[in-house]
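What follows is a set of notes on a single structure, which appears directly below.
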Amino acid sequence: MEKTIGERIVEAMPFLDRASDVIQPKVRNIVDAGGTTARNVLDGVWMEVPLHPVLTDVPIGSWTAALVFDGLDIVSGRPAMRNAADASLAVGVAGGFVAAAVGFSDWRYLSGGSRRMGMAHAVSNVVGLTLSTASLLLRATGHRNAGRVAFLTGYSLNGIGAHLGGELSYKYGLRVNRNAFEETGPDDYVPVLDEAELSGDEMRRIEVDGAGVLLSRSEKDGRVCAIAATCNHMGGPLERGDREGDTVVCPWHKSRFDLCSGKVASGPAVFPQSGYETRVREGRIEVKAVEENIQEKVR
Numbered sequence: 001m002e003k004t005i006g007e008r009i010v011e012a013m014p015f016l017d018r019a020s021d022v023i024q025p026k027v028r029n030i031v032d033a034g035g036t037t038a039r040n041v042l043d044g045v046w047m048e049v050p051l052h053p054v055l056t057d058v059p060i061g062s063w064t065a066a067l068v069f070d071g072l073d074i075v076s077g078r079p080a081m082r083n084a085a086d087a088s089l090a091v092g093v094a095g096g097f098v099a100a101a102v103g104f105s106d107w108r109y110l111s112g113g114s115r116r117m118g119m120a121h122a123v124s125n126v127v128g129l130t131l132s133t134a135s136l137l138l139r140a141t142g143h144r145n146a147g148r149v150a151f152l153t154g155y156s157l158n159g160i161g162a163h164l165g166g167e168l169s170y171k172y173g174l175r176v177n178r179n180a181f182e183e184t185g186p187d188d189y190v191p192v193l194d195e196a197e198l199s200g201d202e203m204r205r206i207e208v209d210g211a212g213v214l215l216s217r218s219e220k221d222g223r224v225c226a227i228a229a230t231c232n233h234m235g236g237p238l239e240r241g242d243r244e245g246d247t248v249v250c251p252w253h254k255s256r257f258d259l260c261s262g263k264v265a266s267g268p269a270v271f272p273q274s275g276y277e278t279r280v281r282e283g284r285i286e287v288k289a290v291e292e293n294i295q296e297k298v299r
């Protein structure tokens, strides 16, 4: 099978798995040591979208501006262009360090091909960031031409890193909502289970119209609740998770969801679980997908 550009780049770095074996456990320990609040900040739970892609816009945009201002400085020789280039480069370096920290947090759960590509993405960007930092120092000490060369080299490596990041998202599906690719379930109420079969604290997975649905009862009022049974973070089976009050903890990466609303209580998941409306008719539990879940199938 023909390999993508990213896969060919990864194959040229045979040390990636060895490096990942050493670094990944340390990253997990560091992130876990920060507690739930730190994890939720790094994962982007508070803004309900992954944080890393948002942050990468800062260095990419700033470094592109620095490239333009460097060119204008060479052409015009104006101090204003020189100062703008240096300032843009500095903003990009600061943003790059923050984006790198959050990116390593995203990478901590990956395995196989996505882990290797994630490490290649990190190596390209870290080396590029290092060269941009060196460029700042060279410029500050009067070695502007050397600083420009270092920056251009780093910018090229960051471009490769950005390409690999795109493959992580679009080829491997990193940090996308996995529920978006599942069947949505019925658009009208369908009976799925006898009401007597769902006990007070039980979580029961049922299949309806190709969709896996997790049924439970609220501890507060006993009403029947239903959310998607597949964790939208990395596809974990929520029916095998632990129930804690009216939340379920994914058995794979410990994302926590409200059993009735699907809202994220703690990451690494950032998107709410797909939801289902429920009712009881003649002793049978019926469910239907909420309107937001139902997508038109384009063929």
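The UniProt record's numbering puts the first residue of the sequence shown at 1, with every later residue one more than the last.
For each residue, glycine too, the CB sits at the ideal point set by N, CA and C.
- Within the segment 96–182, the complete alpha helix (DSSP H) segments at least 4 residues long are 112–140 and 144–170, listed from N- to C-terminus.
- Between residue 159 and the set 138, 126, 139 and 183, the nearest pair of CA atoms involves 126.
- In summary, residue 211 is buried, with 16 or more beta-carbon neighbours lying within 10 Å of its beta-carbon over all protein chains present.
- For residue 281, the enclosing beta strand (DSSP E) covers residues 276–281.
- For residue 288, the enclosing beta strand (DSSP E) has its first and last residue at 284–289.
- Ranked by how close their Cα comes to the Cα of residue 147, the residues 85, 25 and 16 have 85 in first place.
- One alpha carbon belongs to residue 8, the other to residue 120, and they sit about 11 Å apart.
- Counting C-beta pairs with one atom in each stretch, the segment 91–98 and the segment 51–61 have three or more that are closer than 8 Å, which means they touch.
- Take the alpha-carbon of residue 216 and the one of residue 201: they are about 7 Å apart.
- For residue 271, no alpha helix (DSSP H) segment is defined, and its DSSP state is neither H nor E.
- Taking 8 Å as the upper bound for CB-CB distance, residue 72 and residue 151 are not in contact here, some 15 Å apart.
- Cβ-Cβ separation between residue 287 and residue 276: approximately 5 Å, consistent with a contact (criterion under 8 Å).
- Around the C-beta of residue 241, 16 or more other C-beta atoms lie within 10 Å, and the residue is accordingly described as buried.
- Per DSSP, reduced to three states, the secondary structure at residue 19 is helical.
- Straight across, the Cα-Cα distance linking residue 109 with residue 223 is about 35 Å.
- With respect to the 8 Å criterion, residue 270 and residue 44 are classified as neighbours on the basis of their beta carbons.
- Only residues of its own chain outside the window of five on either side were considered, and among them 227, 272, 273 and 275 have a CB closer than 6 Å to the CB of residue 262, listed in chain order.
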